[in-house]
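Protein sequence lines, in the order shown, are assigned to chains A and B.
The opening residue of the first sequence carries number 0 in numbering that gives the first Met the number 0; numbering runs sequentially from there.
The opening residue of the second sequence carries number 0 in numbering that gives the first Met the number 0; numbering runs sequentially from there.
A quick write-up on the structure given underneath.
Protein chains: 2
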Amino acid sequence: MGDEFYLSLAIDKAWDCQLLTYPNPAVGAVILDENGQILSIANHQMSGFPHAELNATKEALEAKNSSLKELFATAKNANELYNLIIKNHQNLLKNSTYYVTLEPCAHQGKTPPCANLILAMGAKRVVIGSRDYGKHARGGADLLAQNGIEVKLDVCKARCDELLEPFLRWQSGNFTFFKIALSQNGVATGGVISNLASRTHTHHLRSLVDLMVIGGATVRIDRPTLDARLFSKKSPDILIYSSYANFDPKISLFNIPNREVIISNSLDLAFKKRFVMIEGGENFLRNLDSRVDWILIYRSNEFKSANNINLDMKVKILHRSTFGDGELLWCKRVDMGVNS
Amino acid sequence: MGDEFYLSLAIDKAWDCQLLTYPNPAVGAVILDENGQILSIANHQMSGFPHAELNATKEALEAKNSSLKELFATAKNANELYNLIIKNHQNLLKNSTYYVTLEPCAHQGKTPPCANLILAMGAKRVVIGSRDYGKHARGGADLLAQNGIEVKLDVCKARCDELLEPFLRWQSGNFTFFKIALSQNGVATGGVISNLASRTHTHHLRSLVDLMVIGGATVRIDRPTLDARLFSKKSPDILIYSSYANFDPKISLFNIPNREVIISNSLDLAFKKRFVMIEGGENFLRNLDSRVDWILIYRSNEFKSANNINLDMKVKILHRSTFGDGELLWCKRVDMGVNS
């Protein structure tokens, strides 16, 4: 199988934690041993937790020697894991191949540099999707090449760059996504996604964003809570997008501790925050602000006897995730004039 | 990686040719060399063409020794390929592992038995999804085990059995699927799928079925041709499901050579044929005959400003295929009472 095949496995794995790594990029890594056997497929899961390369290295070593599992499980954080690996790798990954969706970092951040880890393992070859142009972390590919590792860049570049988009937008100031739940026949399910896995994912996202935006009509009609209880106790701050400021204070969302609620007839404030989630329905989607980067469509497995959301829009589907019996489509709006 | 991982690769590959193998089952196969490296991922593509195991064996040998490509390209049919492989495999697949979605056949059909091929290669291990209960082809797993190969059965069994459903229904008399094209927001696109890859796939299916069913209203309004021109010159026979028999004879579908057109107010005739495709819209889908096995939804990447098809139905999505910028959902109706 070619490099694209293995890097695609890394890309898919990275998408499993897309956005959940905020403010870090979603990254995936695959390691093959010297004979070409897949040892691990891993990702970066959360800020402060091991990078994809470190997770993949841990799992690859465990695949070669299962007795290492117990040792590695004693690591209390990414740094300890890194050090345990450096001391105990037994050259098990000598001449291995690493596939990474993003150039391995070359800097000491919350965790030690991944490029040095790969060097320490004695890898033979590193295949990279996107290059890291960040001023802190870049230089990993050069470091690897200078130390005699065969480095191949820009494999599946377009798909790896798409994967990286939220990170680059966070870096430049703001990434905003719009979330909607639809039935198979395009009925907006009114805020309640039937599937627990999808709802938990939404709550996970709510727990991470800097601001959540919701339309005034939705607040009045659905009287939502908009917390993250299925995942975390941390509820997002809310901007209610409305021309009118009078809402029934008994609506649950106003009664969540440690939450700021702003009512505004402008979205400008939202686009000043770094990571923003908009939950809305037909009108919000039809009049979508051009500053919104992505649309997340949770699609149930049901047809519903009701009217659809009725609008013209073309999307590019970047990725599909499965959640129980439903799915999540990660989409970007496409300019109808250019691409239709 | 575990057996499920590799068998999943075989399952996905098999779905690429689902239904196109009529009257044969859709089957996928993956081969790992003695060190666990993936050598090939292949499928059965069409009746009379090599079985998945033969295609995978060919590709695996070529991966080990690329000079075999030229030799194997001289084979005029599956039998010749089989014989070339038996004579020229150089023990390159000694101690390999085969992953197959369906138990390898043990009988001489249009092609020699796959179980014997695997034996001849000197494989060490064979991992199988579904068992073959057919009276002709069964016995492959026993033959392999009797010859010292480690055989593991029933891996990913539920998914492999789903994959096999059309084949089993063809065997017992009839498999019927309903095809519809929908936008992202549930608008039935009226018979025209915007994407060439999806349209070609539809035409491929039309060229294979024993009968195509279409509603009378669609014939009157759309005046369709219903041929398979994007794939083949063979156009399907048509049953127009209608209480009235008077149609404008100038409608294109009536003027295709070598085609039978029947007009009937009953679908009974359709379910007497072995492989039947229904193309229809909202009414047909809402009143779907319980004898229809699967629903194929081609979904475009557009939202359309129009009304959706409006009905209650729950589906299980068996598989998703990507066609250009759109996708095909392979679905089964689910009993709302039991599963909702």
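Don't be surprised by glycine CBs; every beta carbon is placed ideally from N, CA and C.
Predicted, not measured: the structure shown is a model, and the values here were computed from it.
{"Asked": "Cβ-Cβ distance between residue 300 (chain A) and residue 184 (chain A) below 8 angstroms", "Found": "no"}
{"Asked": "Touching by the beta-carbon criterion (3+ pairs, under 8 angstroms), the region 275-295 of chain A and the region 247-264 of chain A", "Found": "no"}
{"Asked": "Assigned secondary structure, residue 230 (chain B) (DSSP; H/G/I helix, E/B strand, else coil)", "Found": "coil"}
{"Asked": "Exposure label - residue 132 (chain B); buried when at least 16 CB within 10 Å", "Found": "exposed"}
{"Asked": "Where residue 243 (chain A) falls, given that 16 or more other Cβ within 10 Å makes a residue buried", "Found": "exposed"}
{"Asked": "Residue 155 (chain A) and residue 33 (chain A) closer than 8 angstroms at C-beta", "Found": "no"}
{"Asked": "Selected residue, minimal CA-CA separation from residue 182 (chain B), among A:17, A:311, A:45, A:5", "Found": "A:311"}
{"Asked": "Within-8 angstroms CB hit, residue 340 (chain B) to chain A", "Found": "The first residue shown for chain B is 0 and the last is 339, placing residue 340 (chain B) beyond what the model contains."}
{"Asked": "Element boundaries [alpha helix (DSSP H), containing residue 56 (chain A)]", "Found": "51-63"}
{"Asked": "Integer Cβ distance of residue 273 (chain B) from residue 172 (chain B), believed to fall under 8 angstroms", "Found": "7 angstroms"}
{"Asked": "The region 95-102 of chain A touching the region 117-126 of chain A, judged by at least three CB pairs closer than 8 angstroms", "Found": "yes"}
{"Asked": "Contact list for the region 301-315 of chain A against chain B, Cβ threshold 9 angstroms", "Found": "301, 302, 303, 304, 305, 306, 307, 308, 309, 310, 311, 312, 313, 314, 315"}
{"Asked": "Residue 176 (chain A), enclosing beta strand (DSSP E) - first and last residue", "Found": "174-181"}
{"Asked": "Cross-chain neighbours of residue 27 (chain A) in chain B, by beta carbon under 8 angstroms", "Found": "Near residue 27 (chain A) there are no residues of chain B at all, since even the closest Cβ is about 15 angstroms away, more than 8 angstroms."}
{"Asked": "Cutoff 6 angstroms; reference residue 67 (chain B); Cβ partners in own chain excluding five residues on either side", "Found": "60, 61"}
{"Asked": "Whole-number beta carbon distance between residue 48 (chain B) and residue 194 (chain B), since they are thought to touch under 8 angstroms", "Found": "About 26 angstroms; that fails the 8 angstroms criterion."}
{"Asked": "Residue 336 (chain B) (DSSP reduced to helix, strand or coil)", "Found": "Residue placement at residue 336 (chain B) cannot be trusted, given a pLDDT of 44 that sits under 50; the coordinates are not used to answer."}
{"Asked": "Residue 134 (chain B), buried or exposed, once every other Cβ within 10 Å from all chains shown has been counted against 16", "Found": "exposed"}
{"Asked": "Segment contact, 8 angstroms Cβ cut-off, at least three pairs: the region 98-115 of chain A with the region 137-154 of chain A", "Found": "yes"}
{"Asked": "Collapsed DSSP secondary structure at residue 123 (chain B) in the structure displayed", "Found": "coil"}
{"Asked": "Any C-beta of chain B under 8 angstroms from that of residue 30 (chain A)", "Found": "no"}
{"Asked": "Cα-Cα separation, residue 316 (chain B) to residue 290 (chain B)", "Found": "18 angstroms"}
{"Asked": "Length of the line joining the Cα atoms of residue 201 (chain A) and residue 227 (chain A)", "Found": "8 angstroms"}
{"Asked": "Cutoff 8 angstroms: residue 324 (chain A) Cβ touching any chain B Cβ", "Found": "yes"}
{"Asked": "Outcome for residue 140 (chain A) when other beta-carbon atoms lying within 10 angstroms are tallied against a minimum of 16", "Found": "buried"}
{"Asked": "Which listed residue (A:50, A:204, A:269) has its alpha carbon closest to that of residue 25 (chain A)", "Found": "A:50"}
{"Asked": "Whole-angstrom distance between residue 12 (chain A) and residue 178 (chain A), CA atom to CA atom", "Found": "22 angstroms"}
{"Asked": "Residues near residue 338 (chain B) by beta carbon distance below 7 angstroms, same chain, minus five either side", "Found": "With a pLDDT of only 36 at residue 338 (chain B), under the threshold of 50, the placement of this residue in the model should not be trusted; the figure read from the coordinates follows. These residues qualify, in order along the chain: 313."}
{"Asked": "Buried or exposed (CB count within 10 angstroms, at least 16 for buried), residue 100 (chain A)", "Found": "buried"}
{"Asked": "Where residue 9 (chain B) falls: helix, strand or coil (DSSP)", "Found": "helix"}
{"Asked": "DSSP state of residue 206 (chain A) mapped onto helix, strand, coil", "Found": "helix"}
{"Asked": "Any C-beta of chain A under 8 angstroms from that of residue 37 (chain B)", "Found": "yes"}
{"Asked": "Those runs of the beta strand (DSSP E) which lie wholly inside the region 250-323 of chain B and span at least 3 residues", "Found": "260-263, 274-278, 293-298, 312-322"}
{"Asked": "Residue 30 (chain A) - containing alpha helix (DSSP H), residue span", "Found": "Where residue 30 (chain A) is concerned, there is no enclosing alpha helix (DSSP H), although the beta strand (DSSP E) it sits in stretches over 27-31."}
{"Asked": "Strand pairing of residue 3 (chain A), partner residues [DSSP]", "Found": "Residue 3 (chain A) is not bridged to any residue."}
{"Asked": "Option in B:180, B:41, B:216 with minimal Cα separation from residue 329 (chain B)", "Found": "B:180"}
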